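Following: one structure in structure tokens, then a few remarks.
There are 2 protein chains.
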Amino acid sequence: MLSKKAKYGLQAIIYLAKEEKKNKGPIQIAELAKHEKIPKKFLEIILLEMRKQGILHSKLGAGGGYSLGKPADKITIGQIVRLLDGPLAQVSCLSKIAYHKCDECKDEKTCEIRKIMKKVHDSTARILDGTTLSDAVKGKINF
Amino acid sequence: MLSKKAKYGLQAIIYLAKEEKKNKGPIQIAELAKHEKIPKKFLEIILLEMRKQGILHSKLGAGGGYSLGKPADKITIGQIVRLLDGPLAQVSCLSKIAYHKCDECKDEKTCEIRKIMKKVHDSTARILDGTTLSDAVKGKINF
DNA sequence: TTTTATTCTATTAGATAAATAGATTTAATC
DNA sequence: GATTAAATCTATTTATCTAATAGAATAAAA
């Protein structure tokens with residue numbers, strides 16, 4: 022399951038990407054929170070994390086607010102989810118951003134759990150890293 | 022990430038499936054715990070949950086222990102993971118075993134997060150529900 | 001009736017999730 | 001320069017979940 026943090030973060034950045042097109046300058050946390058029904062204080066924390074990773078850009082003071090930190094087609098859903106919820110991998114021995122040998126594991130090469138979860142991880146990463154914010158906003162995702 | 026519970030559960034049931042072939046009768050928790058390096062008391066809880074769902078069978082008293090509750094080719098990895106870790110779905114509005122409308126969601130049909138996560142969920146479910154314990158034991162999983 | 005094993009009841013320490021409160025800093029505008 | 005609008009920083013809180021442990025009860029075989 023996605024945490025609320027990741028879900029709120031995705032909602033917020035998708036909204037930002039949509040508004041960006043209208044060229045109305047930065048969007049305030051208050052507006053984002055109201056429109057997406059997200060607790061304002063919690064959203065602050067989430068946006069700040071995304072800004073620190075360069076995915077968002079902020080402007081202080083009056084007339085300030087948040088905007089995308091880079092073009093929507095350079096931001097993938099995978100980046101956002103990893104940033105807010107940690108590794109996509111089901112077992113740490115499969116994670117690229119946080120590799121860690123499993124304690125109980127005797128041999129990674131023959132571990133059946135690892136083999137199955139590698140398939141899951143690869144397909145998940147392919148989807149999430151292959152979908153950009155731009156795709157989401159354009160409604161390019163079909164099912 | 023898989024919880025330790027799910028990981029221990031998978032380790033244990035894979036071990037049981039392998040031992041089953043040798044026709045030596047039920048395996049004791051103590052043996053399982055020792056062989057797979059799992060805290061014994063924690064493993065008790067896990068095995069009991071699996072037994073209550075019919076995936077395992079237990080025999081009380083001396084000479085007792087655990088064995089598979091049905092043939093290894095009738096037990097999928099998906100069943101085990103759902104049983105121990107809950108729904109595979111990233112958002113509750115996609116779960117079959119625990120559907121629940123998202124609080125903030127205005128329209129499921131047009132929700133971009135849902136569309137992306139549906140792809141992830143479908144591919145994950147296809148892999149995990151399409152792999153049986155028997156496949157795992159036979160080393161049929163290739164990558 | 002002793003031994004071996006699962007099962008049940010209860011509890012706990014620690015981590016994480018989700019949120020809230022209040023003070024501070026920065027910058028535009030009046 | 002004062003006011004206002006905004007993000008930022010520090011801190012705290014509550015609830016829930018994870019992982020594990022302890023001990024008594026029950027069941028069955030030898």
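Respectively, the protein sequence lines represent chains A and B. Take the position in the first sequence, starting the count at 1, then add 21; the result is the number in the working numbering. Take the position in the second sequence, starting the count at 1, then add 21; the result is the number in the working numbering. Cβ coordinates follow ideal geometry from the N, Cα and C atoms, glycine included. Remember, it's a predicted structure, so these values are computed and weren't measured experimentally.
Same chain only: Cβ atoms within 6 Å of residue i, ignoring 5 sequence neighbours per side
{"i": "residue 106/A", "result": "24, 27"}
{"i": "residue 154/B", "result": "38, 93, 96"}
{"i": "residue 54/A", "result": "61, 64"}
{"i": "residue 121/A", "result": "113"}
{"i": "residue 59/A", "result": "29"}
{"i": "residue 164/B", "result": "Annotation note: pLDDT 47 at residue 164/B (below 50); position unreliable, no value reported."}
Residues that residue i contacts on chain A, provided the C-beta gap is smaller than 7 Å
{"i": "residue 71/B", "result": "In chain order: nothing, as chain A lies at least about 16 Å away."}
{"i": "residue 162/B", "result": "133, 136, 137"}
Close-in-space but distant-in-sequence residues of the same chain around residue i (CB under 7 Å, 5 per side omitted)
{"i": "residue 56/B", "result": "36"}
{"i": "residue 123/A", "result": "112, 113, 114"}
{"i": "residue 47/A", "result": "80, 85, 86, 87, 88"}
{"i": "residue 162/A", "result": "152, 156"}
{"i": "residue 30/B", "result": "67, 71, 101, 105"}
{"i": "residue 83/B", "result": "none"}
{"i": "residue 129/A", "result": "114, 135"}
{"i": "residue 126/B", "result": "114, 132"}
Within chain A, partners of residue i - CB distance below 9 Å
{"i": "residue 35/B", "result": "133, 134"}
{"i": "residue 152/B", "result": "137, 140"}
{"i": "residue 157/B", "result": "133, 134, 136, 137"}
Contacts that residue i makes with chain A (C-beta to C-beta distance below 8 Å)
{"i": "residue 32/B", "result": "125, 134"}
{"i": "residue 108/B", "result": "22"}
{"i": "residue 57/B", "result": "125"}
{"i": "residue 98/B", "result": "137"}
Other residues of its chain near residue i: CB distance less than 8 Å, five sequence neighbours each side excluded
{"i": "residue 103/A", "result": "109, 118"}
{"i": "residue 138/B", "result": "110, 111, 112, 115"}
{"i": "residue 76/B", "result": "34, 89, 90, 91, 96, 100, 101, 104"}
{"i": "residue 41/A", "result": "88, 89, 93"}
{"i": "residue 20/A", "result": "Not covered by the structure: residue 20/A. The range shown for chain A is 22 to 164."}
{"i": "residue 149/A", "result": "97, 98, 99, 102, 109"}
{"i": "residue 49/B", "result": "85, 86, 87"}
Neighbour list for residue i in chain B, Cβ cutoff strictly below 8 Å
{"i": "residue 145/A", "result": "141, 144, 145"}
{"i": "residue 149/A", "result": "137, 141"}
{"i": "residue 26/A", "result": "Residues of chain B passing the Cβ test: none, with the nearest at roughly 13 Å."}
Collapsed DSSP secondary structure at residue i in the structure displayed
{"i": "residue 164/B", "result": "Residue placement at residue 164/B is poorly supported in this model, since its pLDDT is 47, which falls under 50; the coordinates still yield a value, given next. Of the three classes helix, strand and coil, the one that applies to residue 164/B here is coil, per DSSP."}
Partner residues on chain B for residue i, Cβ-Cβ distance less than 7 Å
{"i": "residue 111/A", "result": "22, 23"}
- Message: List, from N- to C-terminal side, the alpha helix (DSSP H) runs of 4 residues or more that fit wholly inside the segment 35-79 of chain A.
- Response: Secondary structure in the segment 35-79 of chain A: the alpha helix (DSSP H) runs of 4 residues or longer, each lying completely within the stretch, are 50-57, 61-73 in chain order.
- Could you tell me which uninterrupted alpha helix (DSSP H) segments, each at least 4 residues in length, are contained entirely in the segment 69-149 of chain B, listed from first to last along the chain? 98-106
- Message: Tell me whether the segment 139-150 of chain B and the segment 145-154 of chain A touch, counting them as touching only if at least three CB pairs, one residue from each stretch, are closer than 8 Å.
- Response: The segment 139-150 of chain B is in contact with the segment 145-154 of chain A.
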